[in-house]
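A.B. asks:
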Amino acid sequence: MYADVVFPLKLPPLTYRIPTGALSEYNGNLNGRIVKAPLRGRSTYGLVTSIMDKPEIGGGKNIKEIQGIHRHFASESTISFLKWLSDYYLSPMGVALKPYFFEEAISVSVHQKSGGEVKAEGTPAIQKPDVERNIEERRTLAPDIDLPSITQSLTAVCQGIKDKDYRSFLLQVPSIPLEHLFLNEVFNEAGSGIHGAIILVPEIGQIERLLSPLQGIFGERLCILHSRLTKREKIEAIQRVISGRSDVILGTRSAVLAPLKNISFIAVLSEHSPSYKGEEGLRYHGRDIAVMRGFIEGAGVLLSSICPSIESVYNSKIGKYTFLDARSWVVSHGTYQPKKKIKIINMRKSALKRRVISEEVFKEAKRLHLKKETLLFLVGRKGYSLIRCEDCNHILKCSGCHLPLVFYKSRDMLRCHYCGHEERVPESCIECKGFNTKPSGAGTERMKEELEGLLKTGPIIVEKGKGLLTEPRDRDSNLLSDFTPFVIGTSYVTRKLRDKMFDSAAILNIDALLSRPDFRAYERTFQEVMQVSQSVRTDGSTFLQTWHPENIVLRFIKSYDFDGFYKYELSQRDSLGYPPLSRIISFNILTNRETSKIMLDTQNIADGVRAHNNKNSGHHRHMGIDLLGPIEIPSPAKSYRHCIQILMKSRAKKAVHLAAKILLSRLGKLKGVRINTDVDPLKI
Ligand SMILES: [Zn+2]
Ligand SMILES: [Zn+2]
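Using this note's numbering, the letters of the sequence shown correspond one by one to residues 24 to 707.
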């Protein structure tokens, strides 16, 4: 008998001979067991994924003896899931095994003295929810909730868990506390029916808020898993999971691959967050694979958000997810919670002279300051500004990356945020040799300068680190006391200061967000404004400064018109053939060699695949595959100087996968390059 073994390396499964006697000892089935087998002259741990009488590949080249057999690690459904991951993300199966905490699992098994079976302790007795404590938690989570109004949605979600049946839901909530409250209610209601659960949040900082209510419900069964745990902490967590002591996992993206034996429920909070997409190794999307894992395991899946992604809304429109609308849930003293005001400021009419802030925002700042209240300023970037030539409109760029250089006035330097290159500010314009270069746009530094200048007459003390902060880091959170009048930062700030509430907020240049070179720019802007308005108090306002107030998206945002926006955006994506109505796969060919030869070869390969696709799609142009490139782009990887990119795009989602495999196998023959494939890339 033979076994296919997968190692946590960039390799497909390899075939090994099973030693006589080993099979009978393990009841004839080694599937899902960790084995030790020779690989590249060393004995290496791997996972058995299938057993066969005869090896598939003739010649028996890979056949060596399996040396040691350890414990059972993966169920049949886990193996199907790993196979699906490898297939969908166009990566060898070993690349999918690695993030499945395989190395941690090996450490656990070595710890347990090789060969020994980790004692399955079974799921601990379900702890009775502490009712008193839960009511307390509920009050802090959402004080004004009218609980009967959520019953229907709650029943629907819990029924799926009880039936051990795959069902997926998209929940749109008006606020983050309500998102947490609903989750809490699901656990209270489904309680004893939950055997294995994963709760995903986009940022590590958000774990804390959920920790206490979940501990109240699950106690020792709860386990935290995220990328910033130490190696030792990770191994300990995985040991708890494998032994069955913990079966409820709370964590960030990577936790979706926790090696749980059973799963009956998966929740993905703030499902729209780009943090769920991985940018290295197996470039998986945490939300998307949560749905697939739920499907394979027969679990209930709940995706929730204050502003769901276009992908998920689309999936609920085509019936893949059940949509639960919670926007009318919040009831406060018998009335719906009023929507916080969003004000669009037309900068053409009201920009203060030579300033980046408008009269309205300035007035608001003065007003709030007199009342000792707070205002959040959101700017697009760190530093002072870009440098633009008034004569020829040229913007100073990094010579290596061709991206705009950022001016740091405090150090009188220009810096490339992409590669870190720094240079002095040139005396004249590189393009036209004119001397009329000026700061353009505003970063945190310029905003600080402007505010200090404008408000100096008032009785405010504006000082760095106390009164006025730029780019707060984690440790700065405690510096933000009640008398911090103004906070300036990039959008990063709102995520870091999640518990801080402001009396108003101003996004100084919403146009920069709307005009990002990304087909998701409108969607991201909508989500970002909704996120910002979460940290504004109920009676406060969010100001959006724009030079293009006619932009239709601003109208949707102003009136919280999600449905109008989704309709508009889906029709745009449809007419341009963008996801979710199509699938995009990107191929980055990275190299340190001279690119002209590689470019030529890549061009030839692309042309060959193009010809192949055209032949196959025939006259069904609608279902054809677009192959864009190759083009040279700034290298996204620090260790490679050059990057050549090919994009594949098609409405025929299965066909595009097949074409991608053909392209990959041909690109694989190029010498001196590394190829990174990204299915459903977020950054193009
Ligand atoms: Zn110029
Ligand atoms: Zn650069």
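For glycine and all other residues, C-beta sits at the position ideal for the given N, C-alpha and C.
1) What separation, rounded to the nearest whole angstrom, lies between the Cα atoms of residue 102 and residue 115?
2) Considering only heavy atoms of ligand 1, does any lie closer than 7 Å to the CB of residue 450?
3) Would you report the Cα separation of residue 47 and residue 53, rounded to the nearest angstrom?
4) Could you say which of 582, 565, 682 lies nearest to residue 524 if we only look at CA atoms?
5) What does residue 308 pair with, by DSSP beta-bridge criteria?
6) Mind checking whether the beta-carbon of residue 330 lies closer than 7 Å to any heavy atom of ligand 2?
7) How many angstroms separate the CA atom of residue 682 from the CA atom of residue 546?
8) Could you name the residues that DSSP lists as bridge partners for residue 668?
9) Go ahead and pull the three-state DSSP assignment for residue 144.
10) Provide the residue span of the alpha helix (DSSP H) that contains residue 551, from first to last.
11) Using CA atoms only, rank isn't needed, just tell me which of 99, 28, 75 is closest to residue 284.
12) Can you round the beta-carbon distance between residue 689 and residue 628 to whole angstroms, since I take them to be within the 8 Å contact cut?
13) Report yes or no: do three or more beta-carbon pairs, one from the stretch 259-275 and one from the stretch 214-234, lie closer than 8 Å?
14) Could you compute how far the alpha carbon of residue 624 sits from the alpha carbon of residue 692?
15) Is residue 426 near ligand 2, going by C-beta to nearest heavy atom under 7 Å?
16) Which same chain residues, not among the five before or five after residue 9, have their C-beta less than 6 Å away from its C-beta?
17) Under 8 Å by Cβ, that's how I've got residue 251 and residue 227 pegged, so tell me the actual separation to the nearest angstrom.
18) Could you give the first and the last residue of the continuous alpha helix (DSSP H) run that contains residue 116?
19) Nearer than 7 Å: is that true of the beta carbon of residue 295 relative to any heavy atom of ligand 2?
20) Hey, could you find the ends of the beta strand (DSSP E) residue 68 is sitting in?
21) Any heavy atom of ligand 2 inside 7 Å of the beta-carbon of residue 444?
22) So, for residue 374: in the same chain, excluding its five sequence neighbours on each side, which residues have a beta-carbon less than 7 Å away from its beta-carbon?
23) Only counting the same chain, and skipping five residues up and downstream in sequence, which positions put a Cβ closer than 7 Å to that of residue 245?
24) With the cut-off set at 8 Å, would you say residue 225 and residue 327 are in Cβ contact?
25) Could you give the distance in angstroms between the alpha-carbon of residue 443 and the alpha-carbon of residue 661?
26) Rounded C-beta distance between residue 40 and residue 87? I'm assuming under 8 Å.
27) Taking the beta strand (DSSP E) that residue 525 falls in, what are its first and last residues?
28) Which term fits residue 484, buried or exposed, when burial requires 16 or more other beta carbons within 10 angstroms of its beta carbon?
29) DSSP three-state label for residue 388, please.
C.D. replies: Looking at the atomic coordinates:
1) 14 Å
2) no
3) 10 Å
4) 565
5) 300
6) no
7) 29 Å
8) 611, 654
9) A caution first: residue 144 carries a pLDDT of 45, below 50, which makes its placement in the model unreliable, though a value can still be read off. Three-state DSSP puts residue 144 in coil, outside helix and strand.
10) 544-557
11) 99
12) 5 Å
13) yes
14) 10 Å
15) yes
16) Residue 9 lies beyond the residue range present for the chain, which begins at 24 and ends at 707; the question has no answer from this structure.
17) 6 Å
18) 116-120
19) no
20) 65-75
21) yes
22) 381
23) 237, 238, 269, 271, 273
24) no
25) 11 Å
26) 7 Å
27) 525-530
28) Residue confidence is low: residue 484 scores 35 on pLDDT, short of 50, so the model does not pin down where it sits. Its coordinate-derived value is still stated next. Label assigned to residue 484: exposed.
29) helix
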